[in-house]
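Protein chains in written order, with this note's numbering: chain A, 1 to 123; chain B, 1001 to 1217.
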Amino acid sequence: MKSIQPDKIQHYLDEHVATPLYVHVETTNGAYATHNDPDFHNAGMFIRNANIEYSIGQIKGEGPYRVGLKLDHGWLYVEGLTDFEQHGEQLLLAGHDRLGRLACALHMDIKPLPQGASEVESQ
Amino acid sequence: MKGPLLVIFPHPDDEAFSSAGTIIQHRKEGWPVTYVCLTLGEMGRNMGSPIFTTREELPKIRKHELEDACEVMGIQDLRMWGLRDKTVEFEDEEELSARFRSLIDEVNPATVISFYPGYAVHPDHEATARAVVRALQEIEDSKRPEFLGVAFDRRTEEELGQPHVIHDVTAESEQKKAALFAHRSQTEGLLRAIDHAENAHVMELLQRERFYHYPFS
């Protein structure tokens, strides 16, 4: 991945207004956060292949960045994004900490992101 | 006396940390080893240091790492079940347990290695442990394979006592290190620790594998 270039991200977001997209959204502290520090309150979430459309999509901040998508009936918001990678219609945004560990992610594509059996089959 | 070994874990690398030496010993003596790895660890947090992968590429990388590790350990029968990391506990436990039971009937192992329920820390580990123990519970005492449970919760020794089985894998420690190294996206930090210090915890990891028997009723 490369460091986020806000102009490129904004261009993608503008181009995909009112386009049905599959998204993967995630935040994580790692599965062992509480094992390593019993006082740490671990929290995290992911949703994979939710289907969304937005009317406004923007990237804000000086880095780490925030992305907000105004949905038909609500919002999608992610903060802490640092890196990106784009493959055609697929945009991957991720936030990594100083040790290179994933802290948050927002992936968007016009087709479903692979999972399960297809990942086992993939080469 | 050993025999066919069945290893069941949810994530690529669970087997290397807990049991690589034991697996290698079985293979050296010519016993078949079947390893069922439930997920590809798709939701792992480490993306390499420096970062060399993404959430979307991670399953492909971890799949290759898993295959490499199996080659190092000599595992000739690797089965990837394609569940998703973090979601094992939300699958139907009865169904998963029935699948394990069919697997045990097919492989007919002398020994089954998996996590020990209640002391396995990660929810996927616990779900795997519960379903494995449930499958083994259904088998009558005289036919049930030996179960070696991996427990590493902080409460383990206080509550379960000393491990019931400790395998000295000093002779296999170089190969175990190679198996761990095969899972490089997840183990780079650890391997740096191995190189820099003869740290007691790391030496213990490489030289002794610790297991608990489960009190089947």
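Glycine included, each C-beta is placed from N, C-alpha and C at the ideal position.
Bear in mind the structure is a predicted one, so any value in this text is a computation, not a measurement.
Query	Result
Chain-ordered neighbours of Gly1048(B) on chain A, where CB pairs are closer than 9 Å	Gly100
Span separating the alpha-carbon of Leu1038(B) from that of His1122(B)	14 Å
8 Å Cβ cutoff met for Arg1055(B) and Leu102(A)	yes
Beta-ladder partner(s) of Cys1037(B), from DSSP	Phe1009(B) and Met1080(B)
Cβ-based neighbour list, Pro1010(B), same chain, cut-off 7 Å, excluding 5 preceding and 5 following	Leu1038, Thr1039, Val1088, Asp1124, His1125 and Thr1128
Contact between the stretch 1174-1181 of chain B and the stretch 1017-1031 of chain B (3+ Cβ pairs under 8 Å)	yes
Beta-carbon neighbours of Ile1051(B), restricted to chain A and to distances below 8 Å	Met1, Asp83, His96 and Gly100
Within-8 Å CB hit, Val120(A) to chain B	yes
DSSP-derived helix/strand/coil call for Thr82(A)	coil
Per-residue burial, Thr1170(B) [other beta carbons within 10 Å of its own, 16 or more giving buried]	exposed
Segment limits, alpha helix (DSSP H) that includes Gln1137(B)	Pro1123 to Gln1137
Neighbour list for Thr1156(B) in chain A, Cβ cutoff strictly below 7 Å	The premise fails here: Thr1156(B) is roughly 12 Å from chain A at the closest Cβ pair, so nothing lies under 7 Å.
Reference Ala18(A), options Tyr54(A), Ala31(A), Gly80(A) and Ala33(A), closest by Cα	Tyr54(A)
is_contact[Gly1082(B), chain A] using C-beta, thresh 8 Å	yes
Rounded straight-line distance, which links the Cα of Val1036(B) to that of Leu1136(B)	16 Å
Beta-carbon proximity list for Asp1093(B), same chain, < 8 Å, skipping 5 on both sides	Strictly speaking, residue 1093(B) in this sequence is Glu, with Asp absent from that position. Cβ neighbours of Glu1093(B) beyond the five flanking positions: Ala1127, Arg1130, Ala1131 and Arg1134.
Contact check, Thr82(A) vs Gly95(A), beta carbons under 8 Å	yes
Ala1069(B) vs Ala1200(B) beta-carbon contact at 8 Å	no
7 Å Cβ cut-off: residues of chain A touching Arg1045(B)	Thr28, Gly30, Arg101 and Leu102
Beta carbon of Met1047(B) nearer than 8 Å to that of Asp1085(B)	no
Chain-ordered neighbours of Leu113(A) on chain B, where CB pairs are closer than 7 Å	Glu1056
Own chain partners of Gly1074(B) with C-beta closer than 7 Å, once the 5 adjacent residues on each side are dropped	Ile1024 and Arg1027
Chain B contact for Leu76(A) (CB, 8 Å cutoff)	no
Where the beta strand (DSSP E) through Asn36(A) begins and ends	Asn36(A) -> not in any beta strand (DSSP E); alpha helix (DSSP H) instead, spanning Ala33 to Asn36.
Separation of Gly68(A) from Arg1155(B), as counted between CA atoms	43 Å
Option in Leu1005(B), Ala1016(B) and Leu1148(B) with minimal Cα separation from Thr1187(B)	Ala1016(B)
Proximity test, Cβ basis, 8 Å: Phe46(A) and chain B	yes
Range of the contiguous alpha helix (DSSP H) that encloses Thr1111(B)	Taken as a continuous stretch (DSSP letters only), Thr1111(B) belongs to no alpha helix (DSSP H), being part of the beta strand (DSSP E) at Thr1111 to Phe1115.
Closest residue to Met45(A) among Val120(A), Pro112(A) and Leu106(A) (Cα-Cα distance)	Leu106(A)
Same chain, Cβ closer than 7 Å to Leu1083(B), five either side skipped, listed in chain order	Leu1038, Thr1039 and Glu1091
Helix, strand or coil at Phe1211(B) according to DSSP, with G and I counted as helix	strand
Chain-ordered neighbours of His16(A) on chain B, where CB pairs are closer than 7 Å	Correct list: empty, because the minimum Cβ distance to chain B is about 18 Å.
Cβ neighbours of Val1007(B) in the same chain (closer than 6 Å, five flanking residues each side left out)	Glu1015, Tyr1035 and Ile1113
First and last residue of the uninterrupted beta strand (DSSP E) at Ala69(A)	Before going on, a small fix: residue 69(A) reads as Leu here, not Ala. Tyr65 to Leu71 is the extent of the beta strand (DSSP E) around Leu69(A).
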